[in-house]
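Student: The opening residue of the sequence shown carries number 308 in this note's numbering; numbering runs sequentially from there. Even glycine gets a Cβ: it sits at the ideal position worked out from N, Cα and C. Have a look at this one.
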Amino acid sequence: MTTRLAQIAELVDGKLVGDGTLSIAGAATLTAAQPGDVSFLEDPENIRHLEDTSASALVVPHGFLPPGWNVIQVDEVQACFARIVTHFRPPRRTGRIGVSPAAHISPTAQLEDDVDIHPGAVVGDDVVIGRGATIHANVVLMDGCRLAENVTIFPGAVLYEDTIVGPRSIIHGGAVLGAYGFGYDSSSGRHQLSAQLGHVELGADVEVGAGTTIDRGTYGPTSIGEGTKIDNLVMIAHNVRIGRHNMLCSQSGIAGSSSTGDYVVMAGKVGVRDHVHIGAGAILGAMAGVMNDIPPGEVHYGIPATPEREQMLKQAALIKLPQMRKEFKALRKQLDELSRRLDGSPDATGAPQEGDPSSAAA
Numbered sequence: 308m309t310t311r312l313a314q315i316a317e318l319v320d321g322k323l324v325g326d327g328t329l330s331i332a333g334a335a336t337l338t339a340a341q342p343g344d345v346s347f348l349e350d351p352e353n354i355r356h357l358e359d360t361s362a363s364a365l366v367v368p369h370g371f372l373p374p375g376w377n378v379i380q381v382d383e384v385q386a387c388f389a390r391i392v393t394h395f396r397p398p399r400r401t402g403r404i405g406v407s408p409a410a411h412i413s414p415t416a417q418l419e420d421d422v423d424i425h426p427g428a429v430v431g432d433d434v435v436i437g438r439g440a441t442i443h444a445n446v447v448l449m450d451g452c453r454l455a456e457n458v459t460i461f462p463g464a465v466l467y468e469d470t471i472v473g474p475r476s477i478i479h480g481g482a483v484l485g486a487y488g489f490g491y492d493s494s495s496g497r498h499q500l501s502a503q504l505g506h507v508e509l510g511a512d513v514e515v516g517a518g519t520t521i522d523r524g525t526y527g528p529t530s531i532g533e534g535t536k537i538d539n540l541v542m543i544a545h546n547v548r549i550g551r552h553n554m555l556c557s558q559s560g561i562a563g564s565s566s567t568g569d570y571v572v573m574a575g576k577v578g579v580r581d582h583v584h585i586g587a588g589a590i591l592g593a594m595a596g597v598m599n600d601i602p603p604g605e606v607h608y609g610i611p612a613t614p615e616r617e618q619m620l621k622q623a624a625l626i627k628l629p630q631m632r633k634e635f636k637a638l639r640k641q642l643d644e645l646s647r648r649l650d651g652s653p654d655a656t657g658a659p660q661e662g663d664p665s666s667a668a669a
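Set out below in structure tokens:
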């Protein structure tokens, strides 16, 4: 299937500059594009990357016109390019299958209209599944789970008892919601599992990545606020409260009873200790180790996490350490030499120094 460049410009409501009759057969990134493909360049400062691409046309921001290129100028490059990719590669959509006879559904479960449950899924007692929900193969919904409308749960995810999932939320394969928290009573000399009587609750439009785990609360909920997006392989411990519209990147870990405000961003491998609060709008850089509360709106990096400017000064100093060490050793050597001269000590050869009384006696 080919599409004229002018038609693609109409598809994304963009401004065409160049040959509108050019036939486009696909869409790809700059490095993967072949002749006949349209690609994109979002940042004009990266214009050098155009030297190595085989693309025939570009989607670019308004006001940017790389010389010699057929371009479509748009307001939002990423969003428009995604529409173009979808035009050439429509997403695979299966028809509704209803409830598979190969799924195990408790007789006390309540299923609303237009629910799809794929083979191998297990739906426990008193589970409620809202209208339009899709439960893929081998998902386990233990007793008492409640899913709102249009929830999607991908293969192999496990929801422990009484987990609550808000409307339009997505849970990817292998995620586990509601497992026991890592809490033990060691007063008897043995590690005895403490109370695990709470549950997990997701707000509307939450997305939970593959392999992510969210532990149940001790007595109440571990909660994830509306619109929050959680990457793959994130660990959220018991009693944690995540605010609305957070972005939590892969391999981050949040220890028990910590909390975040709204619109918090955690980059990859962030570690948050227990019982701390991350203020609204705060940003934590990759591998930050959070040991104390973070004020709203601040950017923190490093271990322990400190404000961005402070951390940059520390890093700048670290870069200079080898040279500083070399200079320190030279200064120390000079100081030792000066001390020997002042107290009349012999030099490294054992010869008396000038001004030494023993030298005069000789």
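#1: Can you tell which of T338, A339, D344, L337 has the C-alpha that lies nearest to the C-alpha of R311?
#2: With DSSP collapsed to three states, give me the class of M308.
#3: Going by the beta-carbon positions, is the gap between G327 and A316 smaller than 9 Å?
#4: Alpha carbon to alpha carbon, how far is S564 from T529?
#5: Quick one: give me the first and last residue of the beta strand (DSSP E) that A623 is part of.
#6: Is H394 helix, strand or coil when you go by DSSP?
#7: Using DSSP with H/G/I as helix, E/B as strand and the rest coil, what is Q380?
#8: Are at least three pairs of beta-carbons, each pair with one atom in the region 344-356 and one in the region 416-435, less than 8 Å apart?
#9: Buried or exposed, going by whether 16 or more other CB atoms sit within 10 Å of the CB of H498?
#10: Taking its Cβ as the centre, do 16 or more other Cβ atoms sit within 10 Å of N546, making it buried, or is it exposed?
#11: Are any of the Cβ atoms in chain C nearer than 9 Å to that of I379?
#12: Would you mind reading off the limits of the beta strand (DSSP E) that contains T328?
#13: Find out if the Cβ-Cβ distance for the pair I601, G578 is shorter than 9 Å.
#14: Cα separation between L448 and W376?
Tutor: If we stick to the structure as given:
#1: Counting from 1 along the sequence shown, the entry for residue 311 is found at position 4. Looking at the Cα atoms, D344 is the closest of the given residues.
#2: The sequence position of residue 308 within the sequence shown is 1, counting from 1. Residue state, collapsed to three classes: coil.
#3: For the purposes of this step, residue 327 is taken as residue 20 along the sequence shown, with counting starting at 1. For the purposes of this step, residue 316 is taken as residue 9 along the sequence shown, with counting starting at 1. Closer than 9 Å, so yes.
#4: To locate residue 564, count along the sequence shown from 1; it is residue 257. To locate residue 529, count along the sequence shown from 1; it is residue 222. Cα to Cα, S564 sits roughly 9 Å from T529.
#5: As a first step, residue 623 is located in the sequence shown; it is residue number 316 there, counting from the start. Taken as a continuous stretch (DSSP letters only), A623 belongs to no beta strand (DSSP E), being part of the alpha helix (DSSP H) at 615-650.
#6: For the purposes of this step, residue 394 is identified with residue 87 of the sequence shown, where counting begins at 1. In the structure shown, the three-state DSSP call for H394 is helix.
#7: Working through the sequence shown from its first residue, we reach residue 380 at position 73. In the displayed model, Q380 falls within a strand according to three-state DSSP.
#8: These segments do not touch.
#9: Locating residue 498 in the sequence shown gives position 191, where the first residue counts as 1. It is exposed - the Cβ of H498 has fewer than 16 other Cβ atoms within 10 Å.
#10: In the sequence shown, counting from the first residue as 1, residue 546 sits at position 239. Burial check for N546: the Cβ neighbour count within 10 Å reaches 16 or more, so the residue is buried.
#11: Among the chains of the structure shown, chain C does not appear; only one protein chain is present.
#12: Indexing the sequence shown from 1 puts residue 328 at position 21. Counting along the chain, T328 falls outside any beta strand (DSSP E), and DSSP gives it neither H nor E.
#13: Position 294 of the sequence shown, counted from the first residue, corresponds to residue 601. Position 271 of the sequence shown, counted from the first residue, corresponds to residue 578. It is not a contact, given that the beta carbons lie outside the stated cut-off.
#14: Stepping through the sequence shown from its first residue, residue 448 is reached at position 141. Stepping through the sequence shown from its first residue, residue 376 is reached at position 69. The alpha-carbon atoms of L448 and W376 are separated by roughly 53 Å.
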